[in-house]
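Using the numbering used here, the letters of the sequence shown correspond one by one to residues 1 to 699. Glycine is no exception: its CB is placed at the ideal position from the N, C-alpha and C atoms. For reference, the structure discussed in these notes is given below.
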Amino acid sequence: MPRHPPVHRALPVLWHGGDYNPDQWLESPEIIAEDFRLFPLAGVNVVSVGIFAWTRLEPDEGRYTFGWLDDLLDRLAAAGMKAVLATPSGARPAWLSARYPEVLRVEANRVRNLHGGRHNHCPTSPVYRRKVGALNRLLAERYGKHPALVLWHASNEYGGECHCALCQEAFRGWLRARHGDLDALNRAWWTDFWSHRYTDWAQVASPAPHGEGAVHGLTLDWRRFVTAQSLDFHRAEVAPLRAAAPEVPVTTNLMWTYDGLDYWKWAPHLDVVAWDSYPDWHNDREVLWETAARTAFAHDQMRALRGGQPFLLMESTPSQVNWHAVNTLKRPGVHRAASLQAVAHGADSVMYFQWRKGRGGAEKLHGAVVDHVGHEHTRTFREVAEVGRDLARLPGVPGTTVPAEVAVIFDTENRWALDEAQGLARERKDYPQTCALHHRAFWRQGIAVDVVNMDGDLSRYRVVVAPMLYMIRPGVAARLDAFVRAGGTLVTTYCTGMVDEHDRCHLGGFPGPLRATVGVWAEELDALYPSRSNRADAVPGNDLGLEGSYGIHTLCELVHAEDGAEVLAIYGEDFYAGRPVLTRHRVGAGRAYHVAARTEPRFLDDLYRGLAREAGLAHALEATLPEGVSAQLRTDGETDHVFVMNFAADAQALRLGPADGDLVDARDGSAVASPLALAPLEVRVLRRATRAGRAAPRH
Ligand SMILES: [Zn+2]
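Quick look at the structure:
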């Protein structure tokens, strides 16, 4: 696999920096001068500027004040630094809202918002698009060729939705294009239910808390429209940038925890994926390594959004955020481990929100590299500077990627449909958490995983895991079937194949169009109250290494094994004791496994250890990884970088094997001996030649 080109050839290293808001300090030039003294001390080589600077760029309609930004970019260039320049559409000036109320968003309750906050614009408003376009055109013409500029940062964390009359009209237009005529729409949405049939396009409107909420096809199409319209706004706002400076790449900062937009639709329109990572380290639900594993799941999706191309960690906090329920400090060492973890999973940057804490407003207590005290003698600054030194010592990493043989399907539209489903265990559907637990079982083994949606090319993988694939869109079942027949291993679970792309139930028995591939018929689905449980008993002698019993909770599917499917584990209790929990169906050259119940994580760990062995999956290291230790591989096909990260509470030692090759420390070139010692939170970056012809290390 060849090395990916850098995001911008003028900065072909790992980026280190963050959001910088000198527009809040224009009356304090001594503060800005101090920032330029501190940047090199922190090892910062790039800053993101202008993200919410509209009032400083256009203080009144048509009056532009670019002088401060001219000075800033020149100063960055003189200091040998680079700039990510934002378009300011994420927040509007008050004069714009006052003069053109249509730019303000209308909520689902049909009440128009007042001016305020941010992310409060209508994506359809022609006025807003015109005003944003005019300013963006000036930015592009003025700075498109500036030597400091390496990337456009479009808006900020696009999100939310608008229910104004303009958006309703656009929605109806989008529906006409999608469905053709009203009869087709009525069929797709199953509107004879509760007499919801539409007889005129004017009757069709977005879902509302005091209106329509029972037509799932409508809700699903509305969410699709919100993505389409937000993306349309994005494309309109970056058009002047691409026209004036086609050589400067464009991104926007995504949010993994945000489910309002389908990023899979978005990714093809970005030149590089960037995202904002804010895990709640030290929460009271999980131990540290579990948070690390969950974060890895997010990184693995961001990398997969553009087919393995390295992504940018655009924001993270160097200490704490201000918006979690409890804003715990990252304990010493966690920031460095979390930052290098992002790089291990494919990030070519570590960047922060924010460089310096402002004095007022909602984010004045959000973590920053520079605190209100104003100097570099803080724990946070020292840890940031240490990360800067680490990144500077990894010149071979940028552009390399993560070779994944496993894909976990975590599909946004499927998530939306599951959210809407009335049934199951309504408050404990836990689709993202379930996908993350399946992913974690590979993470614990040092096996790379891509987190993909159901539309992607699956032929490059050896194992595809599709937890709770409730919705199956047209063509997906055929591609999964072909994947298995060609020798792949597919894993499905309870709640598979229940609805189609319009959220209508599949007929003919679940898992619907996958029934023949999976070799089960799921006759009923039982939901258990939190205090109830069941168990899976491994069938003795099974060749996956499953032994004894495993706990089951929340959801239990009552399935029939069909077409010669083998039963590898059975229910131990209740009236369905003895019925299958785990089945294997051999199809063509491959295998389809079905997990019929929600199990304790230990079952997934054992199952995927067995499947990894059966499928001959490559591990980043031959060494067996203790609980809490992660190993991730980045490679360009000539040189491997293996990131070994200890998120366990205690020191660990790894016994390296012959397949691990001749490893050296990537930061100083020193030889690495076995056992490899790891202090708590220690990250080692190891380097080796990718030996041509050498079998990938396998367990
Ligand atoms: Zn609107």
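Within 10 Å of its beta-carbon, does residue i have 16 or more other beta-carbons around it, so buried, or fewer, so exposed?
{"i": "PHE575", "result": "exposed"}
{"i": "CYS162", "result": "buried"}
{"i": "ARG694", "result": "A caution first: ARG694 carries a pLDDT of 43, below 50, which makes its placement in the model too unreliable to give a value."}
{"i": "LEU73", "result": "buried"}
{"i": "ARG63", "result": "exposed"}
{"i": "TRP194", "result": "exposed"}
{"i": "GLN301", "result": "buried"}
{"i": "ASP70", "result": "exposed"}
{"i": "HIS553", "result": "buried"}
{"i": "SER277", "result": "buried"}
{"i": "GLU547", "result": "exposed"}
{"i": "THR257", "result": "exposed"}
{"i": "TRP355", "result": "buried"}
Does the separation of the CB atoms of residue i and residue j fall below 8 Å?
{"i": "PRO680", "j": "ALA659", "result": "no"}
{"i": "VAL370", "j": "LEU135", "result": "no"}
{"i": "ALA385", "j": "GLY610", "result": "no"}
{"i": "TYR542", "j": "GLY572", "result": "The displayed chain sequence assigns Asn, not Tyr, to residue 542. Cβ distance not < 8 Å, so ASN542 and GLY572 don't count as in contact."}
{"i": "ALA347", "j": "HIS299", "result": "yes"}
{"i": "GLU501", "j": "ARG479", "result": "no"}
{"i": "GLY367", "j": "THR295", "result": "no"}
{"i": "ALA425", "j": "ASP503", "result": "no"}
{"i": "ASP19", "j": "PHE353", "result": "yes"}
{"i": "GLU383", "j": "LEU41", "result": "no"}
{"i": "MET454", "j": "VAL476", "result": "yes"}
{"i": "GLU600", "j": "GLY669", "result": "no"}
{"i": "ALA77", "j": "ALA148", "result": "yes"}
{"i": "ALA493", "j": "GLY590", "result": "The residue asked about is misnamed: residue 493 is Thr in this sequence, not Ala. Cβ atoms of THR493 and GLY590: not closer than 8 Å."}
{"i": "VAL402", "j": "ARG634", "result": "yes"}
Closer than 8 Å by C-beta to residue i: which residues in its own chain qualify, once you throw out the five before and the five after it? Chain order, please.
{"i": "ALA208", "result": "ALA108, ASN109, ARG110, HIS163"}
{"i": "SER531", "result": "none"}
{"i": "VAL406", "result": "PHE442, ILE447, ALA448, VAL449, ASP450, TYR461, ARG462, VAL463, VAL464, VAL465, LEU617"}
{"i": "VAL287", "result": "GLY628, ALA649"}
{"i": "CYS122", "result": "GLU102, VAL103, LEU104, ARG105, VAL106, TYR128, CYS162, CYS164, LEU166, CYS167"}
Going by the C-beta, is residue i closer than 7 Å to any heavy atom of ligand 1?
{"i": "CYS435", "result": "no"}
{"i": "THR106", "result": "Correcting the residue type first, residue 106 is Val in the shown sequence and not Thr. VAL106: yes, Cβ under 7 Å from ligand 1."}
{"i": "SER125", "result": "yes"}
{"i": "CYS505", "result": "no"}
{"i": "CYS556", "result": "no"}
{"i": "CYS162", "result": "yes"}
{"i": "CYS122", "result": "yes"}
I want to check one thing, is the minimum distance from the CB of residue i to the heavy atoms of ligand 2 below 7 Å?
{"i": "LEU166", "result": "For ligand 2, the structure offers nothing, since it holds only ligand 1."}
Work out the CA separation of residue j and residue i for me, nearest whole Å.
{"i": "LEU676", "j": "ALA631", "result": "12 Å"}
{"i": "TRP222", "j": "SER206", "result": "6 Å"}
{"i": "ASP411", "j": "THR434", "result": "12 Å"}
{"i": "ARG698", "j": "LEU607", "result": "Because ARG698 carries a pLDDT of 45, less than 50, the predicted location of this residue cannot be relied on, and no value is offered for it."}
{"i": "PRO398", "j": "TYR529", "result": "48 Å"}
{"i": "PRO246", "j": "LYS82", "result": "18 Å"}
{"i": "GLN341", "j": "GLU290", "result": "13 Å"}
{"i": "ASP665", "j": "VAL343", "result": "16 Å"}
{"i": "GLU363", "j": "GLU30", "result": "22 Å"}
{"i": "PRO12", "j": "ASP271", "result": "16 Å"}
{"i": "CYS505", "j": "ASN120", "result": "36 Å"}
{"i": "LEU365", "j": "THR380", "result": "14 Å"}
{"i": "ALA703", "j": "SER459", "result": "For the chain, the structure presents residues 1 to 699; residue 703 sits outside this window and is missing."}
{"i": "ARG92", "j": "ARG137", "result": "17 Å"}
{"i": "ALA239", "j": "VAL84", "result": "17 Å"}
{"i": "GLY80", "j": "PHE36", "result": "11 Å"}
{"i": "LEU57", "j": "LEU254", "result": "25 Å"}
{"i": "ALA592", "j": "ASP192", "result": "37 Å"}
{"i": "ARG598", "j": "TYR198", "result": "40 Å"}
{"i": "GLN24", "j": "GLY358", "result": "7 Å"}
Residues in the same chain with beta-carbon distance under 6 Å from residue i, minus the five sequence neighbours each way, listed in chain order, please.
{"i": "GLU141", "result": "ALA244"}
{"i": "ALA653", "result": "PRO675, ALA677"}
Can you give me the Cβ contacts of residue i inside the same chain, cut-off strictly under 7 Å, excluding the 5 residues immediately before and after it?
{"i": "TYR158", "result": "SER230, HIS234, THR252, LEU261"}
{"i": "ARG3", "result": "GLY399, THR400, ASP636"}
{"i": "TRP266", "result": "LEU231"}
{"i": "ALA565", "result": "GLY519, VAL520, THR583, ARG584, HIS585"}
{"i": "ALA671", "result": "VAL664"}
{"i": "GLY512", "result": "ILE472, GLY497, MET498, HIS506"}
{"i": "VAL539", "result": "VAL567, LEU568, ALA569, ILE570"}
Any C-beta of chain B sitting closer than 8 Å to the C-beta of residue i?
{"i": "GLY588", "result": "The chain labelled as chain B is not found in the depicted structure, where only one protein chain is given."}
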